[in-house]
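S.K.: Protein chains in written order, with this note's numbering: chain A, 1 to 303; chain B, 1001 to 1307. Here a beta-carbon is modelled for each residue, glycine too, at the ideal position from N, C-alpha and C. Take a look at the following structure, please.
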């Protein structure tokens, strides 16, 4: 066997090739699993549709959310008048108001979640990373706050400090970070002592590399799941406050405020309840399904 | 068991302290006081009034006095309803709110547990998928949306039940209780289904079946008890959710309970009333959580709290 068989050479070269193996990363894996979950995909599609509608809907619609149509007070949905969802008791176009309200509701959901994310992740990561007595005390504080009647606290805040939208962001976010802190702390604590972290350190990875390449990506999945479950909660809290008249104030509006207005005109104008209620419920429904799907796809504990 | 219950009670104290402290200082930063009126009072009268209610003492002394008052369950006078104390307002609303809340809680657990068991026994069947999808819808519809929809359908549309008010009759309780319990039915059903499926897969169930025990007995005598444990641990959060939910439900159905006082107080900026209700509800929730924990420890022999 003096003549070299080209096929064998190829094999040898392949074997000697030191390119890193491209394994399927956590996220590729998760993406494949998410794609197979039809309910989650439908939920994501619904959310995208709502987001798109809320963003460009007001541009396509000719009416303003503040200026009444003097010819149509409390009229049912009709193509003739051009009010797709009818008008409210003050003659304002309901479609426009539902879209504007949706912007506010979604915005509150996202921003307040980011606030809680910021507080929760830093608190949890510090507690988990430091460990020991400090961790113990930090978590006890969380336990103590956890038992507080959170909704009443937010209401108290709104009553005392007046009703403005930035306070809503901060108030909801500041009270909602506890779960996040617990989850991140637990994850950090268990990651810190994992073999693959040790292995990375032994093979010469710097502390920075360990954090960026190993700890953060492993936290990200859990955080993403939790974010998708927190957003609907926050939207719900905001709607609850607005429903009580403590949230977003006129001329701005939100789905909760619209449901409140609709509930008062129940007998004469049921459409003014039905449309905002439909949008609110659909959004919460979709977020819950998407969150469930993400958890199934991303949560490493269930593997 | 005793040492556990004492320890657990001890951990409730800091929570209560935080609650009262934050509430107290929040009210103090709030603009406006109890004796502000459109016409400014002469300074001497203002000073006399403040002296009468001991508002002229240093803040720290006032704080500790307030703590003492709370310990004796005295929430002070209402700022808005001048002739009423907060205690009187709470005492007036409490029976109504408790009746409504208790009915809703029982309704939620009975229905949720039944649905959960049915879904678990027919896992992955049409019944299972259907009930669990409906449960997901139930969780996604907040009760302040469900309540007006129920009124629209059953009171205005069909005319079967009254749309609001409260006179202690069953007819007027049905709609608010159902609206209050709906999201909870869904939660309980989901928890129950999961834990029942888990219980049915455990080895002691296989043993019971292998002995030739009838399926009905297996489920009711062996699987039900361990499967109920997670549901019981949901009791605490459920009670909190009922209290929160009652705020909007009482408003929608114009029921004169604590919840409607709370909202009215919030809109009137009746600080003492709002604070009194927050602390009262906080106390209740902490107490309920404590009782649920004890119940749980008592029911589950595997849990040993005495460390």
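Since residue 254 of chain A is in the alpha helix (DSSP H), which residue starts that stretch and which ends it?
M.R.: Along the first chain, read from residue 1 onward, the residue named residue 254 of chain A stands at position 254. Element bounds for residue 254 of chain A: n/a, residue is neither H nor E.
S.K.: Using a C-beta to C-beta distance shorter than 9 Å, which residues of chain A count as neighbours of residue 1244 of chain B?
M.R.: In the second chain, the residue the question calls residue 1244 of chain B occupies position 244. Neighbours of residue 1244 of chain B on chain A, chain order: 149, 150, 151, 152 and 240.
S.K.: Could you say if the region 1201-1210 of chain B and the region 1122-1129 of chain B meet the contact criterion of at least three C-beta pairs nearer than 8 Å?
M.R.: No, they do not touch.
S.K.: Output, in chain order, the set of chain B residues within a Cβ distance shorter than 9 Å of residue 259 of chain A.
M.R.: Along the first chain, one-based indexing puts residue 259 of chain A at 259. By Cβ distance, chain B contributes 1142, 1144, 1145 and 1148.
S.K.: For residue 1252 of chain B, I'd like the list of residues in its chain whose CB is within less than 6 Å of its CB, leaving aside the five on either flank, ordered along the chain.
M.R.: For the purposes of this step, residue 1252 of chain B is taken as the residue at position 252 of the second chain. The residues are 1147.
S.K.: How far does the alpha helix (DSSP H) with residue 1261 of chain B in it reach, from first residue to last?
M.R.: The residue given as residue 1261 of chain B occupies position 261 in the second chain. Looking at the DSSP string, the run of the alpha helix (DSSP H) that includes residue 1261 of chain B is 1258-1268.
S.K.: So is residue 1043 of chain B buried or exposed if we call it buried at 16+ other beta carbons inside 10 Å?
M.R.: Reading the second chain from its first residue, position 43 is the one you call residue 1043 of chain B. The residue in question, residue 1043 of chain B, is exposed, as its Cβ has fewer than 16 Cβ neighbours within 10 Å.
S.K.: Let's see if you can read the secondary structure: which residues bound the alpha helix (DSSP H) around residue 269 of chain A?
M.R.: As a working mapping, residue 269 of chain A is identified with position 269 in the first chain. Unbroken run through residue 269 of chain A: none, as it is neither H nor E.
S.K.: Please list the partners that residue 1334 of chain B has in chain A, where partner means a Cβ-to-Cβ separation under 8 Å.
M.R.: The shown model of chain B, from 1001 to 1307, leaves out residue 1334 of chain B, and the question about it has no answer.
S.K.: Is the Cβ of residue 302 of chain A closer than 7 Å to any Cβ of chain B?
M.R.: Position 302 of the first chain, counted from the start, is the residue given in the question as residue 302 of chain A. Low per-residue confidence applies at residue 302 of chain A: pLDDT is 43, beneath 50, and the placement is therefore not dependable enough to give any value.
S.K.: Quick one: what's got a C-beta closer than 8 Å to residue 174 of chain A's C-beta in the same chain, skipping five residues either side?
M.R.: The residue given as residue 174 of chain A occupies position 174 in the first chain. So the qualifying residues of the chain are 115, 116 and 119.
S.K.: Kindly provide the ranges of any beta strand (DSSP E) runs that are 3 or more residues long and lie completely inside the region 174-252 of chain A, ordered along the chain.
M.R.: Those beta strand (DSSP E) runs which fall completely within the region 174-252 of chain A and span 3+ residues do not exist here.
S.K.: Skipping 5 residues on each side, what residues in its chain have a beta carbon closer than 8 Å to that of residue 1111 of chain B?
M.R.: Your numbering for residue 1111 of chain B matches position 111 in the second chain. Within the same chain, residue 1111 of chain B has close Cβ partners 1181, 1185, 1188 and 1189.
S.K.: Check each candidate in A:129, A:296 and A:266 and name the one with the smallest Cα separation from residue 1153 of chain B.
M.R.: Taking the first residue of the second chain as position 1, residue 1153 of chain B is located at position 153. Of the candidates A:129, A:296 and A:266, the one whose C-alpha sits nearest the C-alpha of residue 1153 of chain B is A:266.
S.K.: Given a cut-off of 7 Å on the beta-carbon distance, is the pair residue 1282 of chain B and residue 58 of chain A in contact?
M.R.: By one-based count along the second chain, residue 1282 of chain B stands at place 282. By one-based count along the first chain, residue 58 of chain A stands at place 58. No, the pair does not count as a contact, with Cβ atoms beyond the cut-off.
S.K.: Do residue 185 of chain A and residue 124 of chain A have their beta-carbon atoms positioned less than 7 Å apart in this structure?
M.R.: Taking the first chain and counting its residues from 1, one reaches residue 124 of chain A at position 124. Taking the first chain and counting its residues from 1, one reaches residue 185 of chain A at position 185. Result yes, Cβ atoms of residue 124 of chain A and residue 185 of chain A sit closer than 7 Å.
S.K.: Look at residue 1104 of chain B and residue 1242 of chain B and say whether their C-beta atoms are less than 7 Å apart.
M.R.: Numbered from 1 along the second chain, position 104 holds the residue referred to as residue 1104 of chain B. Numbered from 1 along the second chain, position 242 holds the residue referred to as residue 1242 of chain B. Contact flag set, yes.
S.K.: Rounded to the nearest angstrom, what separates residue 1274 of chain B and residue 1067 of chain B at their Cα positions?
M.R.: On the second chain, residue 1274 of chain B is found 274 positions in, with the first residue counted as 1. On the second chain, residue 1067 of chain B is found 67 positions in, with the first residue counted as 1. So the alpha carbons of these two residues sit roughly 16 Å apart.
S.K.: Mapping the DSSP letters down to three states, classify residue 1099 of chain B as helix, strand or coil.
M.R.: By one-based count along the second chain, residue 1099 of chain B stands at place 99. DSSP places residue 1099 of chain B in helix when its eight states are reduced to three.
S.K.: Excluding the 5 residues flanking residue 1059 of chain B on each side, which residues of the same chain have their C-beta closer than 8 Å to its C-beta?
M.R.: Counting from one through the second chain, the residue named residue 1059 of chain B turns up at place 59. 1028, listed in sequence order.
S.K.: Count the C-beta pairs between the region 278-296 of chain A and the region 40-50 of chain A that are closer than 8 Å, then say yes if the count reaches three, no if not.
M.R.: Touching, yes, given that three or more Cβ pairs across the two stretches are closer than 8 Å.
S.K.: In terms of residue numbering, what span does the alpha helix (DSSP H) encompassing residue 1129 of chain B cover?
M.R.: Here residue 1129 of chain B is taken as the residue at index 129 of the second chain, counted from 1. Element bounds for residue 1129 of chain B: 1126-1140.
S.K.: Would you call the CB atoms of residue 306 of chain A and residue 33 of chain A closer than 7 Å?
M.R.: Because chain A here runs from 1 to 303, residue 306 of chain A falls outside it and cannot be looked at.
S.K.: Within 7 Å (strictly less), CB to CB, does residue 205 of chain A reach chain B?
M.R.: Against the first chain, residue 205 of chain A aligns to sequence position 205. No, no contact with chain B.
S.K.: Does the distance from the C-beta atom of residue 105 of chain A to that of residue 255 of chain A stay below 7 Å?
M.R.: Here residue 105 of chain A refers to the residue found at position 105 when the first chain is read from its first residue. Here residue 255 of chain A refers to the residue found at position 255 when the first chain is read from its first residue. Yes.
S.K.: Looking only at its own chain, which residues have a Cβ that is under 7 Å from the Cβ of residue 1261 of chain B, when we skip the five neighbours before and after it?
M.R.: As a working note, residue 1261 of chain B is residue 261 in the second chain. Counting only Cβ-Cβ distances below 7 Å, and skipping sequence neighbours, we find 1089, 1093, 1273 and 1277.
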